[in-house]
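For the sequence shown, the numbering used here begins at -7 and goes up steadily by one. Where a beta carbon is used, it is the ideal one built from N, C-alpha and C, also for glycine.
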Amino acid sequence: MTAANARRSTSRGSAKMASPAAADLIGMFVERNPKSSRGELSEVVKLVAEFSATAIKLSPSARKRLIARKAQFKKFIAEIAAEPEAAPQGLKLIAKGPAEVSQGAGLGQVLSAQEGKARIASYATPTKVEDWAGPLAGPTELERDFGVARSTLHNWQKQGLVIGLLVGVRKHAFPTEQFVDGRPVSGLGSVVEAAGEPRIAWLWLREPNPELGGATPLARLKAGATDRVVEVARSNFAGA
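Written as structure tokens, this is what we have:
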């Protein structure tokens, strides 16, 4: 199936996908890797066939989540590959003594639904927005401390150039880390567009990202790497 036909099948939403068999893939891998041995390529082809066979069985939303978290997915595969190989079947271990017999403490007391809810509530700790979003300021503080006029802030927010977090019912607070020399960092609007929501975008901006060398996307934006950060954002949030 050509790429154009695949896109048309996807857009119709009625065509059933079929995973390619290893025999269908080996020719392509041989053509692109002429210096590799057929044994090596055969192993890779088997893995690709298995991955594709699993992927088509997933729901569209599940596939989108995997694509959005591909960095974690790659890390997970690497961790599995690094695990020590299991002992061959049939190999018997010689016991040097009796196995230790132990017994757990059991499930404990069965609680009523009311008591269970009460205990969960006592464990939960309310989190202030400042605890995850960093320093915040309202329009008054921004004008006083950063020289950002209210009208200018309103225009920036209207154009999607600045991130405002809803605090309460209608009040917005603005993370001060997004401003440099009294202006919002370039690229914020594109990141929010990729994430689909200001809060998600701001959380992502402040978390170290392995695709950016372990730096936070916000730090890379401040360093001028706007195109790269926007590219990674669109990749991370693709289909989310």
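Asked: Can you give me the C-alpha to C-alpha distance between D219 and K27, rounded to a whole angstrom?; Found: 36 Å
Asked: Just curious, the alpha helix (DSSP H) that P244 is in, first and last residue?; Found: An answer regarding residue 244 cannot be provided, because it is not within the stretch -7 to 232 covered by the chain.
Asked: With distances taken Cα to Cα, identify the nearest neighbour of L256 among G179, A10, V184 and H164.; Found: Outside the displayed range of the chain (-7 to 232) lies residue 256, so it cannot be described from this structure.
Asked: Does L195 pass the burial test, meaning 16 or more other C-beta atoms within 10 Å, or should it be called exposed?; Found: exposed
Asked: Based on DSSP bridge pairs, tell me the residues matched to P176.; Found: F171
Asked: Can you name the start and end residues of the beta strand (DSSP E) that V159 belongs to?; Found: L157 to V159
Asked: Quick one: Cα of V224 to Cα of E203, how far?; Found: 7 Å
Asked: Per DSSP, what are the beta-bridge partners of K38 in this structure?; Found: None, per the DSSP bridge assignment.
Asked: For W145, collect the residues of the same chain with a Cβ closer than 8 Å to its Cβ; drop the 5 residues on either side in sequence, then sort them by chain order.; Found: In the sequence as displayed, the identity of residue 145 is Leu instead of Trp. Cβ neighbours of L145 beyond the five flanking positions: P131, L134, E135, V154 and F166.
Asked: Rounded to a whole number of angstroms, what is the C-alpha to C-alpha distance between A(-4) and R142?; Found: Caution applies to A(-4), whose pLDDT of 46 falls short of 50 and renders its modelled position unreliable; the model cannot decide the point.
Asked: Residue range of the alpha helix (DSSP H) that P131 falls in?; Found: P131 to F138
Asked: Would DSSP call A165 helix, strand or coil?; Found: strand
Asked: Can you list, in chain order, the residues of its chain whose CB lies under 8 Å from that of V221, leaving out five sequence neighbours each side?; Found: G179, V183, L204, P209, R212 and L213
Asked: On the DSSP letters alone, give me the boundaries of the alpha helix (DSSP H) that A125 sits inside.; Found: V121 to A125
Asked: Out of K66, W124, V121 and F21, state which residue places its alpha-carbon closest to the alpha-carbon of V36.; Found: F21
Asked: Would A230 and I59 qualify as a contact pair, given that the criterion is a beta-carbon distance under 7 Å?; Found: yes
Asked: Can G160 and Q149 be called in contact, C-beta distance under 7 Å?; Found: no
Asked: Skipping 5 residues on each side, what residues in its chain have a beta carbon closer than 7 Å to that of V172?; Found: K214
Asked: Measuring only the C-alpha atoms, how far is S34 from N201?; Found: 34 Å
Asked: Could you tell me the boundaries of the alpha helix (DSSP H) in which G224 lies?; Found: According to the sequence displayed, residue 224 carries Val and not Gly. T218 to N228 is the span of the alpha helix (DSSP H), which, as asked, contains V224.
Asked: Are the beta-carbon atoms belonging to G181 and G216 less than 7 Å from one another?; Found: no
Asked: Thinking C-beta only, is E169 closer than 7 Å to G126?; Found: yes
Asked: Is the CB-CB distance between G139 and G188 below 7 Å?; Found: no
Asked: With a cut-off of 8 Å on the beta carbons, I'd call L17 and A41 a contact; round off their distance for me.; Found: 6 Å
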